[in-house]
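Student: Under the numbering used here, think of the first position of the sequence shown as 3, with each following residue one higher. Take a look at the following structure, please.
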Amino acid sequence: MQKFYIALFLTLNAITFSIAQNLQSPKDFLGYELGTQFSRHHQVVDYFKHVASQMPSQVKLEKYGQTNERRPLYVAYVSSEENIKNLETIRQNNLKNAGVLDGNASSNDIAIVWLSYNVHGNEASSTEASMNTLYKLLTEKQDWLKNTVVIIDPCMNPDGRDRYANWFNETSSQPYDIDQQASEHNEPWPG
């Protein structure tokens with residue numbers, strides 16, 4: 003019987019390791035280092051879908067709407083496998099603890115952290131950071147996820163961000179032009 007449990011343990015570890023090996027970093031997935039250019043919204047969504055497909059027991063991706071320009075809006079729930087299975091219970095316990103729902107919360111030592119990125123279109127670096135945050139939580143901070151549910155909204159304003167990202171990616175130069183009158187330093191006013 004002991005051999006069975008050892009074999010089961012080794013098999014499950016091998017499966018988990020295999021899945022984690024398929025998880026690509028933002029750099030590997032996008033083909034460039036974060037910070038060298040701005041990613042378009044569809045690339046960010048594709049990365050979040052990639053992570054959710056590689057780590058389905060720890061990441062739940064949920065579409066919550068779309069923008070005026072028809073770009074999808076998503077949130078990712080990131081936590082331990084057990085917490086992802088119990089998201090609704092954790093949500094209700096949180097509401098009971100806040101006094102929004104009647105009743106007493108069951109044991110609730112699960113924190114909920116909501117990270118919303120990029121509300122202003124031309125403050126575009128935060129969406130790049132959302133991809134890095136997602137990756138680092140799953141590859142370096144697994145112990146945090148045992149008692150925390152992290153909700154990541156990678157971009158609250160993808161229409162404005164894509165407008166800015168397109169402009170920046172079109173006008174920036176290498177090496178950077180230090181002339182303050184250069185087009186890369188004079189973003190057009192939206193509207």
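Think of the CB as a built atom: it goes at the ideal place given N, C-alpha and C, for glycine as much as any other residue.
Determine the burial state of I180: buried for a count of at least 16 other Cβ atoms within 10 Å of its Cβ, exposed for fewer.
Tutor: exposed
Student: In three-state terms, what does DSSP make of T135?
Tutor: helix
Student: Quick one: residues in its chain with C-beta nearer than 6 angstroms to the C-beta of M133, no 5 flanking neighbours on either side, listed in chain order?
Tutor: These residues qualify, in order along the chain: P28 and Y49.
Student: Please report how far the alpha carbon of T18 lies from the alpha carbon of R73, in whole angstroms.
Tutor: For T18, the predicted model reports a pLDDT of 49, less than 50, meaning its position is unreliable and no value from the coordinates is stated.
Student: Pull the bridge partners of I2 from the DSSP assignment, please.
Tutor: For the chain, the structure presents residues 3 to 193; residue 2 sits outside this window and is missing.
Student: Within 10 angstroms of the Cβ of N149, are there 16 or more other Cβ atoms? Answer buried if so, exposed if not.
Tutor: exposed
Student: For G105, does the three-state DSSP call read helix, strand or coil?
Tutor: It is coil, neither helix nor strand.
Student: If you follow the beta strand (DSSP E) that L147 is part of, which residue opens it and which one closes it?
Tutor: No beta strand (DSSP E) holds L147; DSSP gives it neither H nor E.
Student: Looking only at its own chain, which residues have a Cβ that is under 8 angstroms from the Cβ of V77, when we skip the five neighbours before and after it?
Tutor: L63, E64, Y66, I153, I154 and D155
Student: Assign L103 to buried or exposed, taking buried as 16 or more other Cβ atoms, counted over all protein chains shown, within 10 Å of its Cβ.
Tutor: exposed
Student: Alpha carbon to alpha carbon, how far is E186 from Y178? Give it in angstroms, no decimals.
Tutor: 9 angstroms
Student: Would DSSP call E90 helix, strand or coil?
Tutor: Under the three-state reduction of DSSP, E90 is assigned to helix.
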